[in-house]
Structure formats: C-alpha cells, structure tokens
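Trainee: Residues 261 to 601, numbered by my numbering, are exactly what the sequence shown covers, in order.
Got a structure here, written out as structure tokens. Questions coming.
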Amino acid sequence: MASVPLVAIATPVYNGARFLDETMACVQAQTYPRLVHCVLDNASTDATPQIIEKYRNGPVPLIVARNAETLPQLENWNAALAMVPRGASYFRILPADDLMVPDCIGKMVALGEQYPQASVIGCRGWNNDALFGGDMPTDRSLFSGRAIARHKLRKEIHGPPYQHCLYRKPRGPMTRHFYDIEHYGTPLLDVDLDAAIRALSRGDYACVHEPLVVSRMHDGSITSTYKEGNFVDFWSILQIIDRWGPTVFETRAEYLACRRRHLRYYYRWLLYWRVTGRHEMRARHLAWLRKASALPTAGAYLHAVLEWPFLRAAWQARRTAVRLGLKSPVFPIIEPAGVPA
C-alpha cells in the first residue's frame, strides 16, 4: 500500500451544513486506496461540526481543525491546504458544496502516474446540469501546460484547466500561500485559475476525458452572490492575463494581442453600462482599469464597437456549423514542437 501515492483532499468550510454531508460522503466513497481528507472549519455556527464528526471513523481518515475565529475566505483556503501531509504526492481542494464520482481520484491519479511531467490533472464535469470540458481534444490525454494556459486566456476552451484540478505536490510541506490574494493592489478574484496557470507554466496538463465531478452552483455560492452580479470576471481575467501572459505566451506580441482582445470585450460592457445608467458599476470597473493602465481611449471604444458585428456573426456561424455537424465542438490545441501526443 505504501507504494501507492498518498492523495490529500482539502475542504475548507464555513456554515456549510446545507451541502457538506454529501460532499464528505463522496470523499468517503472514493475507491482510491490511499486517501486523506483535510477539513478546516472556519468557526462555523451551524451544524458543520456535527456533520464532520459523523465521518470520523469512515474508511478515509480525516485531519480536522477548527479556527478560533472566522478568517477571510482565501486565508481559510490557504490554511486548509497547509494541512496537507508532507508525504502526499497529489492534492486537490474540494469546496464544501461540490461532489466527485467514486472513481474520480483513482482515474486522475492513474493518469498522473502515467504522465509524471503533468503538474495538473483535470477532467470533464458538471456545473449543475451543464457539462463542461467537452471542447478538449479526446485523441490524447497529455497537453503542453503553457499551450492550455494560452488557449484558456484567449477564452478558446472552457472549464479546464482549473475546475476540480488534482495538483502534483512538490516534496516537503505545503506552503501556507498556495493561493495568491492580490494583484494591482486589488483582491485577486479568480484564484483557482491563477493557481492552475501558475502550475501549468511549470509543467504539462493531463486530462481524463470523462465527467468525474459536479460543481453545485446555488444562491449562496461566491459565484452567484458576488462574481456574476458584479461582472468581476472581466477584471479578474485581465489580472491573470497580465500576471501570466508574459510567461505562457511565446512572444510579447501574442500576449499583448490577447490583452487587447479582452479589453475590447471589456470596453463594450463599459459602453453598455453607460447607456443603461449603471454608473456605479462602470465607475468601479474604470477604477480597476486605471490600476492596470488600461483605461479606454476614444479609438479603443471605436475599435471595440466596430468589431462586434463581425465577432457576433462568426460566433453564430460556428454554433450553426457545430449544430449541423459540419464542425467539431472540440477546439484544436496548438502544441509547441516537441510535446508528445
């Protein structure tokens, strides 16, 4: 058994009684033989402690801790990952409202062992009832990490590489700062994608082409309560393009082209908010853009507006071609020379 890699699953939870029972049960149901579940209770005031206690004697051992006072979310997530044992070979974060199928960890570890150059192992999955990851080529399982990062920053693939990642753990103890917290003096808002692209800048990406996980979007999730309502994805993607674009793109020109493309999309929303009277929203985003030296000019606004009909027509043409079977929904991953298929 000792020759089987140890895998750690970290679950930070705050008042998670609504979903935690099912999440902990799915970990206990894993068929992988060498697993530990690290659970950090962020000073919950609901039934979270009782649910955790229910699984104390399950087949998957628990490492449990409770904060004396409630920490900010990312501090709690970093603290949960710091509980990962030194001897673990792989780790992943499992939010307290998400699920895995019983053979999820087994299949992901098997692929990681097949491809030791992979720093991140991913899979397909479900966001509620919507399947993600179907735009990855299925003719192979190993991809250049930087190529995947580039396609993600260009919004050419969806889901991978950051949803439900299994990470290869470096030797030694876990850092207490796996997730970075700030960029441009503002909170780093898409820490999962940021962490994945950091890992992909150093290693390859292996993908299990099966739906093995479920993300449960609900009215209490961070995505629904803050990110979507404030359209912060526009800013968070710019943060990550600027943090990692110079590293993962092969030339500075490619990085800047990706940045300009994203900004034109962003600027169209600024115009929309102005026309619809959402002045507070627009002012918030302009303040963020100022920090990135990315405020729109009259020429940039004009370019953003003029390209929109062509982009819309191209998008609709692709959807029609996919629906009629004339085009594959899979996006071709452009690999650098020397990466094995």
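Idealized CB from N, CA, C, for every residue including glycine.
With a threshold of 8 Å on Cβ separation, who are the neighbours of residue 600 within its own chain once the five nearest residues in sequence on each side are excluded?
Mentor: Numbered from its first residue, the sequence shown carries residue 600 at position 340. Unreliable placement is indicated for residue 600, whose pLDDT of 45 sits below 50; the coordinate value is still reported in the next sentence. The answer, listed in chain order, is 402.
Trainee: Comparing C-alpha positions only, which one of 274, 437, 265 sits nearest to residue 343?
Mentor: Here residue 343 refers to the residue found at position 83 when the sequence shown is read from its first residue. It is 437 whose Cα lies nearest to the Cα of residue 343.
Trainee: Are the region 445 to 461 and the region 414 to 432 touching, with three or more C-beta to C-beta distances below 8 Å?
Mentor: Yes, they touch.
Trainee: If you draw a straight line from the C-alpha of residue 346 to the C-alpha of residue 296, how long is it?
Mentor: In the sequence shown, the residue the question calls residue 346 occupies position 86. In the sequence shown, the residue the question calls residue 296 occupies position 36. Their backbone Cα atoms lie some 12 Å apart in a straight line.
Trainee: Whole angstroms is fine: what's the gap from residue 281's alpha carbon to residue 581's?
Mentor: Walking along the sequence shown from the start, residue 281 turns up at place 21. Walking along the sequence shown from the start, residue 581 turns up at place 321. Approximately 43 Å between the Cα atoms of the pair.
Trainee: With three or more C-beta pairs closer than 8 Å as the rule, is the region 427 to 441 touching the region 346 to 358?
Mentor: Taking 8 Å as the limit for Cβ pairs, the verdict is that the region 427 to 441 does touch the region 346 to 358.
Trainee: Thinking C-beta only, is residue 467 closer than 8 Å to residue 383?
Mentor: Position 123 of the sequence shown, counting from 1, holds the residue named residue 383. Position 207 of the sequence shown, counting from 1, holds the residue named residue 467. Yes.
Trainee: Beta-carbon separation of residue 363 and residue 283 under 8 Å?
Mentor: Counting from 1 along the sequence shown, the entry for residue 363 is found at position 103. Counting from 1 along the sequence shown, the entry for residue 283 is found at position 23. Cβ distance not < 8 Å, so residue 363 and residue 283 don't count as in contact.
Trainee: In whole angstroms, what separates the C-alpha of residue 278 from that of residue 440?
Mentor: Counted from its first residue, the sequence shown places residue 278 at position 18. Counted from its first residue, the sequence shown places residue 440 at position 180. Cα to Cα, the separation comes out at about 28 Å.
Trainee: Give the secondary structure of residue 492 by DSSP, where H, G and I count as helix, E and B as strand, and everything else as coil.
Mentor: To locate residue 492, count along the sequence shown from 1; it is residue 232. The answer is coil: DSSP assigns residue 492 none of H, G, I, E or B.
Trainee: What whole-angstrom Cβ distance do residue 605 and residue 531 have, given they're in contact under 8 Å?
Mentor: The requested residue 605 is not part of the displayed model; the chain covers only 261 to 601.
Trainee: State the start and end residues of the unbroken alpha helix (DSSP H) segment that holds residue 382.
Mentor: The residue given as residue 382 occupies position 122 in the sequence shown. No alpha helix (DSSP H) holds residue 382; the beta strand (DSSP E) holding it covers 378 to 387.
Trainee: Hey, could you find the ends of the beta strand (DSSP E) residue 268 is sitting in?
Mentor: By 1-based counting over the sequence shown, the position of residue 268 is 8. 267 to 273 is the span of the beta strand (DSSP E), which, as asked, contains residue 268.
Trainee: Hey, quick one: how far does the beta strand (DSSP E) through residue 352 stretch, first residue to last?
Mentor: Here residue 352 refers to the residue found at position 92 when the sequence shown is read from its first residue. Start and end: 350 to 353.
Trainee: For residue 361, which three-state DSSP category applies?
Mentor: Within the sequence shown, the letter at position 101 stands for residue 361. Residue 361: coil per DSSP, three-state reduction.
Trainee: Would you check if there are 3 or more beta carbon pairs closer than 8 Å linking the region 533 to 551 to the region 487 to 507?
Mentor: These segments touch.
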